[in-house]
Amino acid sequence: MSTQDLVAKLWNLCNLLRDDGVTYHEYINELTFLVFLKMVEETGQDELIPAGCRWVDLEAMNSATRLEAYKKMLVDLGSHGSLITQAIYNNASTVIRKPATLNKLVTEIDKLDWYNAKTEGLGDMYEGLLEINATEKKSGAGQYFTPRVLINAMVELMKPTLDDVIVDPTAGTGGFLISAHHYIKQHNNINALDETAYDKYQHKTFYGMELVPDARRLAMMNLMLHDLAIDDQNAGILFGDTLSNEGKQLPPATLILANPPFGTKQGGGIPTRDDLVHYTSNKQLAFLHLMYHVMLKPGGRAAVVLPDNVLFEGSTGRTIRQDLMEKCNLHTILRLPTGIFYAAGVKTNVLFFNKPKDANKDKGNTQNVWVYDLRANMPQFGKRTRFTAQHLQEFYDAVGRDLTTVDEAARQDFVARHVSENGNPEACRLRCFSREQIRQKDDSLDLAWIRDDSVEDSANLPEPDVLINQALEEMAGAMQELQAILVELGAAEEGEEVAL
358 MSTQDLVAKL
368 WNLCNLLRDD
378 GVTYHEYINE
388 LTFLVFLKMV
398 EETGQDELIP
408 AGCRWVDLEA
418 MNSATRLEAY
428 KKMLVDLGSH
438 GSLITQAIYN
448 NASTVIRKPA
458 TLNKLVTEID
468 KLDWYNAKTE
478 GLGDMYEGLL
488 EINATEKKSG
498 AGQYFTPRVL
508 INAMVELMKP
518 TLDDVIVDPT
528 AGTGGFLISA
538 HHYIKQHNNI
548 NALDETAYDK
558 YQHKTFYGME
568 LVPDARRLAM
578 MNLMLHDLAI
588 DDQNAGILFG
598 DTLSNEGKQL
608 PPATLILANP
618 PFGTKQGGGI
628 PTRDDLVHYT
638 SNKQLAFLHL
648 MYHVMLKPGG
658 RAAVVLPDNV
668 LFEGSTGRTI
678 RQDLMEKCNL
688 HTILRLPTGI
698 FYAAGVKTNV
708 LFFNKPKDAN
718 KDKGNTQNVW
728 VYDLRANMPQ
738 FGKRTRFTAQ
748 HLQEFYDAVG
758 RDLTTVDEAA
768 RQDFVARHVS
778 ENGNPEACRL
788 RCFSREQIRQ
798 KDDSLDLAWI
808 RDDSVEDSAN
818 LPEPDVLINQ
828 ALEEMAGAMQ
838 ELQAILVELG
848 AAEEGEEVAL
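Count along the sequence shown starting at 1, add 357, and that's the number in this note's numbering.
Right, here's the structure in full:
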């Protein structure tokens, strides 16, 4: 059985739970509780789980009383065993109501071909489940999941190494850290590292923080199944609010990979960290400021997914962009196509920037910003049209496959070749904006120049229901952004509905 087959079979078990009234969101948690027990048995790590709470114990229980015993087992697992076990089962409870449902799940999970799954990688199996869960809009998990194609592209361009300290301050289910781990393994012989180097790789290389308990639980499981950061004292993904002083637990980073959550800060206020200079209730702006100002070490680099409002918002937004361009070299912006994220109406970009090695060089670090527009004249992505690595090929050609450095001459050559072949510089997806040009645009980084014929060609409009849904999503996104501005201006309370 291939990993893909296993993922499909595990996900299909959700039908059993749905009949028991379990939602998609609850299902992935419920499955995690059971699969963790099975994985520990399959990988021979019984020491992680206290006796009496293992898969073999669950199997041996009387079917009539198994559900009640399982409820007690979950409580015990939240306070006994290894720290990673306790973290995964922290405040765990089952939403299964019928004994027959649990019995069927235990039987079906045990019947699956775990031997071949182990050969292909249990981590890949679990990531497959997370991806399916994220694409199911009913699960509400899309906000925690960045498309794997985009994650892998950002990692490949940032070239993580064994010397890096890699941090994701909004870790979600751990996708960026796992992808960086895969990349490093592909380019290094991890098994050949001496004991000191291997210990550093396992316990002092990958760090994340996640505020949502369920998402952190999934992330911990994800890392464990990839044999990463499973040491009791270094669980990899910490629990807490990075925008509070809890975030100071994260070490200074040489590489930041992140996709901060959309929306305004919960609780109706600004970040409570005491080491920031600029404070705003716009969560993405706050994370951007935190990352370049505090978290990124001199000489470090970052690739961060951010929505359009970060690029053009005035007031504190403009101040933060100015500060970013002074302290760091914001060398590349990738304008992403719509439809690749699951949050309604959100248009996104990837900002690539690095910090000078000289900590005292904190002025005038951005001279040119290169923008690649992958949004104009692109398909409407979604379930029917998937965003794939092929859609990023010209971007790689335009900016180079290594964004740890910026080859200005090669980028100029790309533009010159495009103009020579097509005769229209306005149609080239890559364009350079000098710092002075951006200053003249009131320091807005919302830089677009290509006429988007896909929007304007009435002969190729989607079906009316698609257009209406798109309009509703755009309106929802705009309302969220306007509400964030009202909160920041003190004209509205956090969570207050916008009056129409």
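For each residue, glycine too, the CB sits at the ideal point set by N, CA and C. Given the structure is predicted, the values throughout are model-derived calculations rather than measurements.
By alpha-carbon positions, which one of the options ends up nearest to residue i?
| i | options | result |
| --- | --- | --- |
| Arg423 | Pro456, Arg732 and Asp433 | Pro456 |
| His538 | Gly529, Val522 and Thr527 | Val522 |
| Ser439 | Ala805, Glu404 and Leu507 | Glu404 |
| Ala610 | Ala755, Arg454, His650 and Arg743 | His650 |
| Arg743 | Ala615, Asp467, Phe698 and Thr530 | Phe698 |
| Leu582 | Trp727, Leu534 and Asp632 | Leu534 |
| Lys428 | Leu575, Ser450 and Gln443 | Ser450 |
| Arg808 | Arg732, Thr695, Thr458 and Gly597 | Arg732 |
| Arg336 | Leu462, Val726 and Asp525 | One cannot answer for residue 336 here, as it falls past the ends of the chain, which runs 358 to 857. |
| Val728 | Lys720, Val703, Arg768 and Gln750 | Arg768 |
| Asp631 | Ala615, Gly604, Gly657 and Pro618 | Gly604 |
| Asn717 | Ile385, His437 and Pro655 | Pro655 |
| Lys704 | Gly721, Gln737, Met682 and Lys714 | Gln737 |
| Leu431 | Gln750, Asp470, Ala421 and Arg411 | Arg411 |
| Phe771 | Glu751, Leu760 and Thr761 | Glu751 |
| Val463 | Glu513, Ala572, Leu367 and Met735 | Leu367 |
| Thr695 | Phe644, Glu793 and His748 | His748 |
| Asp598 | Leu487, Asp556, Asn579 and Pro628 | Pro628 |
| Thr458 | Ser420, Leu607 and Leu647 | Ser420 |
| Cys861 | Ser777, Trp806 and Asn779 | This structure cannot settle anything about residue 861, because the visible part of the chain is limited to 358 through 857. |
| Val364 | Gly674, Glu484, Gly435 and Ala576 | Glu484 |
In the DSSP assignment, the alpha helix (DSSP H) including residue i goes from what residue to what residue?
| i | result |
| --- | --- |
| Ile441 | Leu440 to Ile445 |
| Ser536 | Gly532 to His544 |
| Met430 | Arg423 to Leu434 |
| Ala375 | The amino acid occupying residue 375 in the given sequence is Arg; Ala does not appear at that position. Cys371 to Arg375 is the span of the alpha helix (DSSP H), which, as asked, contains Arg375. |
| Ser777 | Glu765 to Asn779 |
| Glu923 | Look at the range of the chain in this structure, 358 to 857, and you will see that residue 923 is not part of it. |
| Asn734 | That residue, Asn734, is in no alpha helix (DSSP H); it is neither H nor E in DSSP. |
| Phe752 | Gln750 to Val756 |
| Asp470 | Taken as a continuous stretch (DSSP letters only), Asp470 belongs to no alpha helix (DSSP H), as it is neither H nor E. |
| Tyr649 | Where Tyr649 is concerned, there is no enclosing alpha helix (DSSP H), given that its DSSP letter is neither H nor E. |
| Val413 | Trp412 to Ala417 |
| Asp556 | Glu552 to His560 |
| Arg574 | Pro570 to Leu582 |
What are the boundary residues of the beta strand (DSSP E) that residue i is part of?
| i | result |
| --- | --- |
| Arg658 | Leu653 to Pro664 |
| Leu612 | Ala610 to Ala615 |
DSSP has residue i in a bridge; who is on the other side?
| i | result |
| --- | --- |
| Gly565 | Asp525 and Ile594 |
| Arg788 | Val728 |
Is residue i near the ligand SAM - that is, is its Cβ less than 6 angstroms away from at least one heavy atom of it?
| i | result |
| --- | --- |
| Phe790 | Ligands are entirely absent from the displayed structure, and the ligand SAM is therefore not among its contents. |
Item checked: Within the stretch 669-729, ranges of the beta strand (DSSP E) (whole runs, at least 3 residues) -> Correct list: 686-692 and 705-711.
Check: Pairing CB atoms from the stretch 540-559 with CB atoms from the stretch 776-785, are three or more of them under 8 angstroms?
Finding: Put simply, the stretch 540-559 does not touch the stretch 776-785. Fewer than three CB pairs are less than 8 angstroms apart.
Next item on the list: May I ask you to verify whether the stretch 388-397 touches the stretch 407-415, counting CB pairs closer than 8 angstroms and requiring at least 3?
Entry: In short, these stretches touch, since the Cβ pair count reaches three.
Check: Is there contact here, the stretch 686-693 with the stretch 709-719, by at least three beta-carbon pairs under 8 angstroms?
Finding: Look at the beta carbons and you see the stretch 686-693 touching the stretch 709-719: at least three pairs across the two are nearer than 8 angstroms.
Next item on the list: Please determine if the stretch 514-531 and the stretch 553-570 are in contact, where contact requires at least 3 C-beta pairs separated by less than 8 angstroms.
Entry: Yes, since at least three Cβ pairs between the stretch 514-531 and the stretch 553-570 fall closer than 8 angstroms, the two stretches touch.
Item checked: contact_flag[the stretch 631-642, the stretch 658-676] where n(CB pairs < 8 angstroms) is 3 or more -> They touch, by the three-pair rule.
Item checked: the stretch 452-468 / the stretch 360-380 touching (three or more Cβ pairs under 8 angstroms) -> By the criterion of at least three beta-carbon pairs nearer than 8 angstroms, the stretch 452-468 is in contact with the stretch 360-380.
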